[in-house]
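K.L.:
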Amino acid sequence: MKVLGRAVDLTYTHARGENRTVVDGAVAFDARNRMAVSHALGTKEWKVGYTYAHGALRRTVAETSYDFKGNAWYFAVTRRLEGGDAVKATYGTSSQALGLEWARNSPITGTFKVSASINVAEKNIVPKLTAESTWNYEI
């Protein structure tokens, strides 16, 4: 399927146990700009998202999405560094959670992610810190 001369990726998912059908659509306007839409049929669940990749190597990616049912925005900016590390900042208006994440994917040491988040709606702001790691073993 094409819209304005651009190919549209459509995905249809039906979960029998939940009796739920979701249709997702995405279109890439060019190598830097992409838009996506998601709808759960028979509900008011609609989500629209836009992604922009900046720079010659597209290492900086800005994402925004809007959830119509929850009347909520989500924002994220990711920067991929030359060594393969990635730093990501996020904010969601519904949860009022502000987050920062650092991730590394190494074929030698495995992957790890360190993240911190705070709820900006709380008066006493105490960050939630999380560290995750995955090791690769060959047997």
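Throughout the sequence shown, residue numbering follows the working numbering, covering 2 to 140 in sequence. Backbone N, C-alpha and C fix where the C-beta goes; we use that ideal spot for every residue, glycine too.
For Val88, does the count of other Cβ atoms within 10 angstroms reach 16, so buried, or fall short, so exposed?
P.N.:
exposed
K.L.:
Which residues share a DSSP beta bridge with Glu102?
P.N.:
Lys89, Ser116
K.L.:
Give the single residue among Thr112, Lys124, Glu123 whose Cα lies nearest to the Cα of Ala132.
P.N.:
For the residues Thr112, Lys124, Glu123, the minimum Cα distance to Ala132 belongs to Thr112.
K.L.:
Could you pull the DSSP bridge partners for Arg33 from this structure?
P.N.:
Answer is none; Arg33 lacks a bridge partner.
K.L.:
Hey, out of Lys45, Thr61, Ile109, whose CA is closest to Thr52's CA?
P.N.:
Thr61
K.L.:
Specify the secondary structure class of Arg17 as computed by DSSP and reduced to three states.
P.N.:
Under the three-state reduction of DSSP, Arg17 is assigned to coil, being neither helix nor strand.
K.L.:
Using CA coordinates, which residue listed in Tyr92, Leu5, Asp25 is at the minimum distance from Ala122?
P.N.:
Tyr92
K.L.:
What are the start and end residues of the beta strand (DSSP E) that includes Glu123?
P.N.:
Here Glu123 belongs to no beta strand (DSSP E), and DSSP marks it neither H nor E.
K.L.:
Between Gly6 and Ala32, what straight-line distance do the alpha-carbon atoms span, to the nearest angstrom?
P.N.:
15 Å
K.L.:
Could you name each continuous beta strand (DSSP E) segment of 3 residues or more that falls completely within the region 32 to 80, going from the start of the chain to the end?
P.N.:
As far as the region 32 to 80 is concerned, its whole beta strand (DSSP E) runs of at least 3 residues are 34 to 41, 47 to 55, 61 to 68.
K.L.:
Between which residues of its own chain and Ala98 is the CB-CB distance below 8 Å, once the five residues before and five after are set aside?
P.N.:
Thr91, Tyr92, Ser118, Ile119, Asn120, Val121
K.L.:
State the Cα-Cα distance for the pair Leu42 and Val127, rounded to the nearest angstrom.
P.N.:
39 Å
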